[in-house]
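Visitor: Residue numbers (our numbering), protein chains in the order written: chain Z, 848 to 1120; chain R, 848 to 1120; chain D, 848 to 1120; chain U, 848 to 1120; chain Y, 848 to 1120.
Now the structure itself:
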């Protein structure tokens, strides 16, 4: 089971509550305050209008992989770099003692599909260049998929306020053409502004924040997969578990490498004699 | 016959319906609601005004090839990279067995004019450097044509809201100078806002989305043509069909190369022994 | 005589008519409608105000060469690349047959001052390195002059709407301070908006389009001059007219080189034997 | 004790007073004027709403190190480059005379934790490559921490006015829906504008200025730490104090190196004979 | 005495008059029209508010050298490149004839402090590498000082309209809270807009134009100083005055080198024989 990215979820839930709170604060009727902001035509123009403009802008395939990519923004990566090092040290020890075929038993215990398929290929005796090519293509493909989703979100974040404004202009024009009924002036103008409100919320609370989160996650995930790729090939080549560990440490983020080194210094392991 | 790009077409048709729906939603008279948004003077100022500003901005030749370039946004590339590989494998087999002249019969069956003219030149015995030069110039020329159309669309996308605002300012100034007739105030202001509405729709629903779509299509098409160029020259040089296939696979997008490799692995073709 | 750039001129004339049409459309009094938009104080604030801000921003020399550079936007280059090739082939034939001094007669027939001075220097027996240095400096100098004019136009295009807004703020503040006379409210506000209108038209219909046009023209003209420079030096070195032609063809834009090559292929000139 | 960055503190205090002065200037009731600008719902929507959008945008770790990074904007670096040179000259003299172990006594006198831990490692006899690796990782880690804080501030500076506008739209829509009570129109609209006011102040007075200050400080601090790193390694290698001084002078900003050189020239030290 | 930069001064004086003219044009009372735009609280919020935000943004040292850097925008460089060449040719002739010490008499006649200190160092017999290092550091230091001033002006140009808007929001909120007195509505709103007016004028008429002017001046001045540096070192090395001249000509802007070359060609000096 994947671990949730609590900052995305807390941000969405509490941010949504704050916006709702702003709507009902000091209003006599809470239900009335909320329904004030519900307008089906406005939803149509802002959300669907901007969606169709996005559809003209990007290829169909980019739209299709959007939901899967967005889901990434809600989950943390399952394995930490330090855990990956441990897994590979264990796997390489076993492989050295009992042979590569013995890893077959371990494959079932691995959670990460990338890691799983890599070790399976090692067990199956696929040539190392082929394994590297397949895994590198999987990484490139994943990166391209992330990037195309980020582009869709950024284009949408630009289109949503634009269609909010288009909706507001439609509302204002209709209202101004029919000024006879002075009493409906206020409510009509309120409806006209609702599309601008929808557009601003969609762009600034949904699309842009998700795109920014996906951008930082994409970089992290690529780094993790590259670390796994090196580990898989190191195991196949049968090197010493200690060397596997050293190789993978080069992929650690600075603060974790720093912690490891300082611990070693503390233990007196690297003292100048 | 070319295959339509359904996302462009669906986006345009449904987006247009959504905007229309926003105009007539909740209005007593549907026809009245729609005609409210038709104003010939506003069309003049927004569409033609911005068009003439574009005309000052770009060279005549860029305007001339615009319609042809825009048509690209509505069609998918006819042939997939996988199909191209198949075509070239077949052609190279035939060429090896029956000689280059035998390809003459195949030329008529080819849909793509670039591919057609390339194979025709091979049949005609043109020297390979000349074929490469001609085909590379055709690719550069195509890319330059795409780019000039994208530039025109982006300039226009910037000009349309600017002329929308110019039109709204003209309308407001005329209205404010003649305030005696209070009853015409609303309708006059509605008309003033119509140019802003036109400008926003043109930029955000037409010009910018089309430019973004053309940008992604241009890259795809250049890649496809480069793949064909390599295939044509490989056939002419008379290499083994197997090598033709390998050469062209390097042009496949990552997900397709991945699929092919995984199929091979599944068949046990590349197992380490 | 120079050939006009019809797209700049048509764009300016028709665009101006469209803006005028927007002003008088549906107005009872045409003269009244037009004079509504004439306000001397607004012209002062928008045009002169932004001009003086430009004057603070750029060095005096950049302002001085602006009119000459703008004139470029209204003219096509006199000679096409194909014509230049023809001229140089003719000149080099004559020089080979009758000697470099015989070119003196041709100088008078040449329209382009750059070409004229270059050939004159050849006739005068100036050393080739000196000719190259002088002509290259003339090209650099021309490019710098173009670029400084484009910068002035872009700075002005940014300043014009800013001073339009400054004028509108001045008008609004004066109007709001003297609200006693309700009947003058509308006309006063109209006047306040006129500066915004001027600013928007200047930036979007004049300065930005001209800067964009000058940018594309500058690149073309530099290419043309570089072609001439190579031709002049080739003639001086006395090489074969055929080689002069080949050298200059490398400067042709892709579509023209393509056409030439395809014609040669059509004639069977480059067939593989 | 750290020295305060007076420009940040003066700017914040006086800027805050100026904004408060703008609120109460010419108002009959000072308390009334200030409470006019206090609206709990607006604080919720603008500050918390934008905060939660930031939370969706960035990883949790970036948020966690924000307070520590912001604190940097309020303090000057403790040690000037010239002081660092003096410290290292003294340390290297002592190390040459009494041995590296004698530096143990000096460690307690050092204020900077980076310098302290570096000299401690030298005293402890850690190998130079390990010291370099640890200190370089600490510098990289510090830079990454600064950068992530700057990113959070810039994202927030973009979100604050956006949520200010969202709050204003909420307020306007609620107000327009309930126009019956004409007397509450003004105050309601005032409340609607308060969120825009909060958003503008947060972005332009807090988040953007702090991000800009942190950017310039980050560069300074990295330079200082790199200077210390070189000094620590030079001491360990036991080179001449004079050479330590020369090495570190290369890190001085131009104006200080210039001053030093001019003093030397004044003393006649580098006269050409 | 320094020569004024007339375009900066004319731009500021006439631009200021144009803005004043826009304020009093068509107003009954000229004094009344001008005092309408004077509001002490608005000056506080816009000018001081944005200044304190700048103070938070940049280091104290950048603020301190701002006035000196701004003064540069009002003066032309004293010496033209051609004059510098003449000065160095004269100096090098004298140095060759009467020895380097004889230049002592000339130092007093030199206006430029950079040139003065350079020649003085030559007279004092400072080693050439030291002279080069000192003068290069002075150039770098000058460039850094210019750049920091440009950054302050650009940050301020962004802050001024932001604080103009903050002031307008404060004014509007106060006005809307106290709508009882309908007659003060107009004047109050006028005052609210005055801060926007100040912000727009400061950014578009003062800060941005000055920053743009300083940018172009900084490049010119660096070029001039580098020319002097080469000249000073050439004199010290005792080379031929003719070679000094040739060396310095390489620093001339293209149009001046072109003029010199064309004059030489006119005199028949470089004719091919």
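No residue lacks a Cβ here, since even glycine has one placed at the ideal position from N, Cα and C.
Would you mind reading off the limits of the alpha helix (DSSP H) that contains residue 788(Y)?
Guide: Outside the modelled stretch of chain Y, which goes from 848 to 1120, sits residue 788(Y), for which no answer is possible.
Visitor: For residue 1104(Z), go through chain U and note every residue whose CB falls closer than 7 Å to its CB, in chain order.
Guide: Going along chain U in sequence order, the residues near residue 1104(Z) (Cβ under 7 Å) are 984.
Visitor: Going by beta-carbon coordinates alone, are residue 900(R) and residue 1012(R) separated by less than 8 Å?
Guide: Contact flag unset, no.
Visitor: At a Cβ cut of 8 Å, what residues of the region 961-990 of chain R count as close to chain D, listed as they run along the chain?
Guide: From the region 961-990 of chain R, only 968, 971, 972, 973, 974, 975, 977, 980, 981, 984, 985, 987 and 988 have a Cβ closer than 8 Å to chain D.
Visitor: Within the continuous alpha helix (DSSP H) that includes residue 941(Z), where are the two ends?
Guide: Its alpha helix (DSSP H) spans residues 928-945.
Visitor: Name the residue from 980(Y), 904(Y) and 1095(Y) whose alpha carbon lies nearest to the alpha carbon of residue 1106(U).
Guide: The shortest C-alpha separation from residue 1106(U) is found at 980(Y).
Visitor: Assuming residue 968(R) and residue 978(R) are in contact, meaning their beta carbons sit under 8 Å apart, how far apart are those beta carbons, in whole angstroms?
Guide: The pair is a contact, with the Cβ atoms about 5 Å apart (cut-off 8 Å).
Visitor: Using the rule of at least 16 other Cβ atoms within 10 Å of the residue's Cβ for burial, across every protein chain shown, is residue 853(D) buried or exposed?
Guide: The residue in question, residue 853(D), is exposed, as its Cβ has fewer than 16 Cβ neighbours within 10 Å.
Visitor: Out of 892(U), 865(U) and 870(U), which has the shortest C-alpha to C-alpha gap to residue 872(Z)?
Guide: Among 892(U), 865(U) and 870(U), the Cα nearest to that of residue 872(Z) belongs to 892(U).
Visitor: Take residue 920(D) as the anchor and find which of 1038(D), 1072(D) and 850(D) has the nearest alpha-carbon.
Guide: Of the listed residues, the one whose Cα sits closest to residue 920(D) is 850(D).
Visitor: Let's see if you can read the secondary structure: which residues bound the alpha helix (DSSP H) around residue 884(Z)?
Guide: Note, residue 884(Z): premise wrong, no alpha helix (DSSP H); not H, not E.
Visitor: Give a yes or no on whether the minimum CB-CB distance between residue 996(Y) and chain D is below 8 Å.
Guide: No, residue 996(Y) does not count as interfacial toward chain D.
Visitor: Return no unless some Cβ of chain Z is closer than 8 Å to the Cβ of residue 1012(U).
Guide: So yes, residue 1012(U) belongs to the interface.
Visitor: Hey, how far is the Cα of residue 865(Y) from the Cα of residue 1082(Y)?
Guide: Approximately 51 Å, taken between the alpha carbons.
Visitor: Against chain R, with Cβ distances strictly below 8 Å, would residue 884(D) count as a contact?
Guide: True, the Cβ-Cβ gap to chain R drops below 8 Å.
Visitor: Can you find a CB in chain U that lies within less than 8 Å of the CB of residue 930(Z)?
Guide: So no, residue 930(Z) is outside the interface.
Visitor: Measure how close the beta-carbons of residue 869(U) and residue 1014(Y) come, nearest whole angstrom, since I'm counting them as under 8 Å.
Guide: About 6 Å separates the two Cβ atoms, so the contact holds.
Visitor: Quick one: list the residues of chain Y neighbouring residue 1036(U), beta-carbon separation under 8 Å, in chain order.
Guide: Those within 8 Å of residue 1036(U) in chain Y are 1023.
Visitor: The region 885-900 of chain D: which residues have C-beta closer than 7 Å to a C-beta of chain A, in chain order?
Guide: Among the protein chains in the structure shown, which are Z, R, D, U and Y, there is no chain A.
Visitor: By the criterion of Cβ-Cβ separation under 7 Å, what are the contact partners of residue 1075(D) in chain Y?
Guide: Here the premise fails: no neighbours, minimum Cβ distance about 17 Å.
Visitor: Just curious, the alpha helix (DSSP H) that residue 1051(Y) is in, first and last residue?
Guide: That residue, residue 1051(Y), is in no alpha helix (DSSP H); it is neither H nor E in DSSP.
Visitor: Here's the rule: buried if 16 or more other CB atoms are within 10 angstroms of the residue's CB, otherwise exposed. What is residue 1008(Z)?
Guide: Label assigned to residue 1008(Z): buried.
Visitor: Could you tell me if residue 1024(Y) is buried or exposed, where buried requires 16 or more neighbouring beta carbons within 10 angstroms of its beta carbon?
Guide: Answer is buried; the Cβ neighbour count reaches 16.
Visitor: Pick helix, strand or coil for residue 908(R), following the three-state DSSP scheme.
Guide: In this structure, residue 908(R) counts as helix in the three-state DSSP scheme.
Visitor: I'd like to know whether the C-beta atoms of residue 1042(R) and residue 889(R) end up nearer to each other than 8 Å.
Guide: For residue 1042(R) and residue 889(R), yes; Cβs fall inside 8 Å.
Visitor: For residue 996(Z) and residue 913(Z), which I take to be in contact (beta-carbon distance under 8 Å), what is that distance rounded to the nearest angstrom?
Guide: Their Cβ separation, rounded to whole angstroms, is 5 Å, which keeps residue 996(Z) and residue 913(Z) in contact under 8 Å.
Visitor: Report the three-state DSSP secondary structure of residue 1098(D) (helix, strand or coil).
Guide: Coil, per DSSP.
Visitor: Output the distance between the C-alpha atoms of residue 1055(U) and residue 1112(U), rounded to the nearest integer angstrom.
Guide: Their backbone Cα atoms lie some 44 Å apart in a straight line.
Visitor: What does residue 1026(U) reach in chain Z if we use C-beta pairs closer than 7 Å?
Guide: Per Cβ cutoff of 7 Å: 1033.
Visitor: In three-state terms, what does DSSP make of residue 961(D)?
Guide: Note: residue 961(D) maps to helix in three-state DSSP.
Visitor: Could you give the distance in angstroms between the alpha-carbon of residue 902(U) and the alpha-carbon of residue 916(Z)?
Guide: Looking at the two C-alpha atoms, the distance is approximately 19 Å.
Visitor: Give the straight-line distance between the Cα atoms of residue 1154(U) and residue 963(U), rounded to the nearest whole angstrom.
Guide: Residue 1154(U) is absent from the model: chain U starts at 848 and stops at 1120.
Visitor: Which bits of chain Y does residue 865(U) rub up against, with CB to CB less than 7 Å?
Guide: Those within 7 Å of residue 865(U) in chain Y are 891, 892, 895, 896 and 899.
Visitor: Tell me the DSSP secondary structure of residue 851(D) in three-state form.
Guide: Of the three classes helix, strand and coil, the one that applies to residue 851(D) here is strand, per DSSP.
Visitor: Does the structure place the region 1068-1088 of chain Z close enough to the region 876-884 of chain R that three or more beta carbon pairs sit under 8 Å?
Guide: Contact between the region 876-884 of chain R and the region 1068-1088 of chain Z is absent, because fewer than three Cβ pairs lie under 8 Å.
Visitor: How about residue 1066(U) and residue 1098(U): do their beta carbons lie closer than 8 Å?
Guide: No.
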